[in-house]
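The opening position of the sequence shown corresponds to residue 1 in the UniProt record's numbering, with each subsequent residue numbered one higher. C-beta: ideal position from N, C-alpha, C; glycine also.
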Amino acid sequence: MANVINHPSRFLHLAISLIILIIFLIPLITFLNNNSLIFTIITKPYFSYYLTSFNNQSHQSHYPWRFSWRNTFINSLEFEGNVNYPSSSSSSNYSNDVSRAISPDFTKCGPVDLPPNAITSPYCCPTLATPFKFIDFKDYLINATYNKYKNNSSIIRVRRPAHLVDDEFIAKLEKGIAIMKSLPNDDPRNFIQQAKVHCAYCNGGYPQKHPFQDQKIDVHRSWLFFPFHRFYIYFFERILGTLIGDPSFALPYWNWDSIQGMQIPSYFTTPNSSLYHKLRHYKHMPPHLVDLNYDILSPKIRTQDQQISYNLAFMYKQMVLANTKELFMGSPYRLGDPAQPGPGSVELAPHNSIHDWLGAVDTPNHEDMGTFYTAARDPIFYAHHSNVDRLWELWTKLEGGRRDYRDDPNWLDSKFFFYDENLNLVRVKVRDCLDTKLLGYVYEEVDLPWLNVNPKPRRTKMQREAKKSSILASKPITKFPFVLDSKVSISVKRPKKLRSKEEKEQEEEVLVIEVTELQSYENVKFDVHIDDDEDMLSDENHAEFVGTFVSLPHGNHGHKSNTRFMVGISKVLENLEAEEDDHIVVTLVPMIGKGDVTIGRINIQFMSK
Ligand code: C2O
1 MANVINHPSR FLHLAISLII LIIFLIPLIT FLNNNSLIFT IITKPYFSYY
51 LTSFNNQSHQ SHYPWRFSWR NTFINSLEFE GNVNYPSSSS SSNYSNDVSR
101 AISPDFTKCG PVDLPPNAIT SPYCCPTLAT PFKFIDFKDY LINATYNKYK
151 NNSSIIRVRR PAHLVDDEFI AKLEKGIAIM KSLPNDDPRN FIQQAKVHCA
201 YCNGGYPQKH PFQDQKIDVH RSWLFFPFHR FYIYFFERIL GTLIGDPSFA
251 LPYWNWDSIQ GMQIPSYFTT PNSSLYHKLR HYKHMPPHLV DLNYDILSPK
301 IRTQDQQISY NLAFMYKQMV LANTKELFMG SPYRLGDPAQ PGPGSVELAP
351 HNSIHDWLGA VDTPNHEDMG TFYTAARDPI FYAHHSNVDR LWELWTKLEG
401 GRRDYRDDPN WLDSKFFFYD ENLNLVRVKV RDCLDTKLLG YVYEEVDLPW
451 LNVNPKPRRT KMQREAKKSS ILASKPITKF PFVLDSKVSI SVKRPKKLRS
501 KEEKEQEEEV LVIEVTELQS YENVKFDVHI DDDEDMLSDE NHAEFVGTFV
551 SLPHGNHGHK SNTRFMVGIS KVLENLEAEE DDHIVVTLVP MIGKGDVTIG
601 RINIQFMSK
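Following this line, the structure appears as structure tokens:
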């Protein structure tokens, strides 16, 4: 420094070099941004390097300043369509667009990967208009060209329980679905075209954006699950309403979490109705009750009363005990990440298990509802997802309001594309779907019979402790990873015991099971128990049963998948009076697909509420 000050000529050199650098660097970056080939060549190593280090960091970490260049690069890759009307200033709302939000490269839709012996072709892509055009959802809601909807915006669509609607409603629903089925095959509003939207987003039809085009997007097993399906059925509902000329028309919700709603709504099973669907499990027609924790290999024999109480206890666990965003909504999934980081509770079951319960038994992969590429071909799919969406809405309000991902810009800016009722392609962002009222719909409220169930332990404290100490004394140390091919009990150390009330209010104690080598073509289900007796396992209505991992036959481009199973155990340990214990005994019980999954690791983590 002293040298520079003492020799003005050196200072001059430094200043001139700086100016030259600035003059040349800016046009160079601009040029590179506009030229994807050169850009890729130069930046690819840069991306891979940072993504590796990113992925090794905790999901919650905030981005240090040094990543801002990288973010700038990725932002500039965002493709923009030729919006076909004067755009509003709404884009400024998105000026904080942080660049690791997932966005499908919609123009690069390709054949999907299907499970073996699939009954449809792998082409699920919609026909694209050239030149490629889309409307941003924000503009869509406020633009004058959509006055028709503006005028209707005072109409709130009320989604009602499917078992409580009247004949007039049923007739409208039937008519709407019938019209959708009769539209030309390549019309985006056609019923099968709509079903294909689900196929493309679920079975790897869309690559992530350049330079991550090798990664296919999957909207399951991550924080995209709820928002994607919310938008998907939202556009489906608008199309239906428009086709029958009733803008107030709302989808019904299949209220399988209520006692009266636990069977298929009967009008979905009337032959000759547009709502009837052939490829369903023949034994599960009404008045058969749904098993929310269904096991396709060994369906349980239960009385109606038993099934109801097991279902309600199960609902309590999936909704009330899943009390952090990650437990309920699934794990963060960002640009460049491998798909399926970790599913939320309700997605695993009842969502997946009901898919399984409905799919036919004589089709190769329990088509149609039992596997995603065909699921939305069954009209009941939309009533099922209407209830799933309602549970998301309910969850955010439980216990005075639960925290979701709404302070994470990557979640908020994740994007999808859908066709609307006027055949416009609309680009939506997760941030646009967080308030159903702004989307123009609400759920009719009904009683929540599961809300206060809080299942108790099956055995006395003494019995539990006796069993636990004999297991802890006899079990050899488990070597990870291991193939889950038979029932196994593992002792897992707790990082902290006897946590204070305040600690428990801030952080949930979470059992995390790394699920690797998941054979994605197969149906897989394993149950998880804590401090149970593996020779006489508890059912859903007891505290010892804590959850289930369910995977439907999927395609994954020949790869096995890696994901994880998470379950909150603070309340369970309270109920089991095991809060002072150093270890818990975790019993894994493979139910379907024995040997089709490897357990990479099991540990306990604390997740903020
Ligand atoms: Cu995308 Cu019910 O699934």
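Residue i CB to nearest heavy atom of ligand 1 below 7 Å
i: ALA375; result: yes
i: VAL219; result: yes
i: PHE268; result: no
i: HIS366; result: no
i: PHE226; result: no
i: PHE372; result: yes
i: CYS202; result: yes
i: HIS198; result: yes
i: HIS385; result: yes
i: HIS351; result: yes
i: HIS355; result: yes
Beta-carbon separation (whole angstroms), residue i vs residue j, contact threshold 8 Å
i: VAL585; j: ILE477; result: 14 Å between Cβ atoms; not a contact.
i: MET591; j: ASP527; result: 6 Å
i: LEU484; j: ILE599; result: 5 Å
i: LYS525; j: PHE545; result: Actually they do not touch by this definition, with Cβ atoms about 13 Å apart.
i: PHE236; j: TYR443; result: Not quite, the Cβ-Cβ distance comes to about 16 Å (not below 8 Å), so this is no contact.
i: LYS196; j: ARG403; result: About 35 Å separates the two Cβ atoms, so there is no contact after all.
i: ILE604; j: VAL515; result: Contact doesn't hold; Cβ gap of about 16 Å is too wide.
i: GLY593; j: ILE155; result: Not a contact, Cβ separation roughly 46 Å.
i: ALA568; j: LEU394; result: A small correction: the amino acid at residue 568 is Gly; Ala does not occupy that position in the sequence shown. Actually they are not in contact, since the Cβ atoms of GLY568 and LEU394 sit about 17 Å apart, beyond 8 Å.
i: ASP378; j: LEU348; result: Wrong, their Cβ atoms sit about 20 Å apart, outside the cutoff.
i: PHE191; j: PHE417; result: Going by Cβ atoms, the distance from PHE191 to PHE417 rounds to 19 Å, so no, they are not a contact pair.
Cα-Cα separation between residue i and residue j, rounded to whole angstroms
i: ILE264; j: CYS433; result: 28 Å
i: PHE132; j: ASN454; result: 52 Å
i: THR130; j: PRO553; result: 35 Å
i: residue 647; j: ARG427; result: A query on residue 647 cannot be resolved here, the shown segment of the chain reaching from 1 to 609 and no further.
i: PHE482; j: VAL488; result: 10 Å
i: SER121; j: PRO104; result: 21 Å
i: SER92; j: THR242; result: At SER92, the pLDDT of 32 sits below 50, so the modelled position is not reliable and the matter cannot be decided from this model.
i: ALA118; j: HIS385; result: 23 Å
i: LEU573; j: LEU425; result: 49 Å
i: ARG238; j: ALA466; result: 59 Å
i: LEU345; j: GLN318; result: Per the sequence shown, the amino acid found at residue 345 is Ser instead of Leu. C-alpha separation (whole angstroms): 5 Å.
i: LEU275; j: HIS583; result: 51 Å
i: ARG100; j: MET369; result: 32 Å
i: PRO211; j: GLY204; result: 17 Å
i: SER248; j: ASN323; result: 34 Å
i: TRP223; j: CYS199; result: 18 Å
i: ILE113; j: HIS355; result: The sequence shown places Asp at residue 113, not Ile. When rounded, the distance between both Cα atoms is 19 Å.
i: PRO287; j: TYR419; result: 37 Å
i: ASP596; j: TRP256; result: 30 Å
i: THR363; j: TYR123; result: 20 Å
i: ASP389; j: LEU251; result: 11 Å
i: PHE328; j: ALA578; result: 24 Å
i: SER36; j: LYS209; result: Residue confidence for SER36 is low, a pLDDT of 40 falling below 50, so the modelled location carries little weight and cannot support an answer.
i: GLN463; j: PRO457; result: 11 Å
i: ARG601; j: ASP246; result: 53 Å
i: MET566; j: MET285; result: 33 Å
i: SER87; j: PRO495; result: Because the pLDDT of SER87 is 32, which lies under 50, any placement of that residue in the model is unreliable, and the question is left without a value.
i: THR374; j: PRO341; result: 23 Å
i: LYS571; j: LYS501; result: 11 Å
i: ASP305; j: HIS277; result: 28 Å
i: LEU183; j: PRO161; result: 28 Å
i: PRO332; j: ARG564; result: 12 Å
Distance cut-off 7 Å: residue i Cβ against heavy atoms of ligand 2
i: HIS229; result: Summarising the ligand content, the structure contains ligand 1 and does not contain ligand 2.
CB contact check: residue i to chain C, cutoff 8 Å
i: GLN215; result: Of the protein chains in this structure there is only one, and it is not chain C.
Run through the segment 517–583 for me and flag every whole alpha helix (DSSP H) of 4 or more residues, listed as ranges in chain order. Counting whole runs of 4 or more residues, the segment 517–583 contains the alpha helix (DSSP H) stretches 570–575.
Uninterrupted beta strand (DSSP E) stretches inside the segment 190–247 (no shorter than 3 residues): Entirely contained in the segment 190–247, not one beta strand (DSSP E) run reaches 3 residues.
If we require 4 or more residues per run, which alpha helix (DSSP H) segments fall completely within the segment 99–145? If we require 4 residues or more, the alpha helix (DSSP H) runs fully inside the segment 99–145 come out as 137–142.
Counting only runs of 4+ residues fully inside the segment 376–418, write out the alpha helix (DSSP H) ranges in chain order. Fully enclosed alpha helix (DSSP H) runs of 4 or longer: 380–397 and 409–412.
Minimum length 3: unbroken beta strand (DSSP E) runs contained in the segment 419–482: Runs of the beta strand (DSSP E) lying entirely within the segment 419–482, each at least 3 residues long, are 425–429 and 441–443 in chain order.
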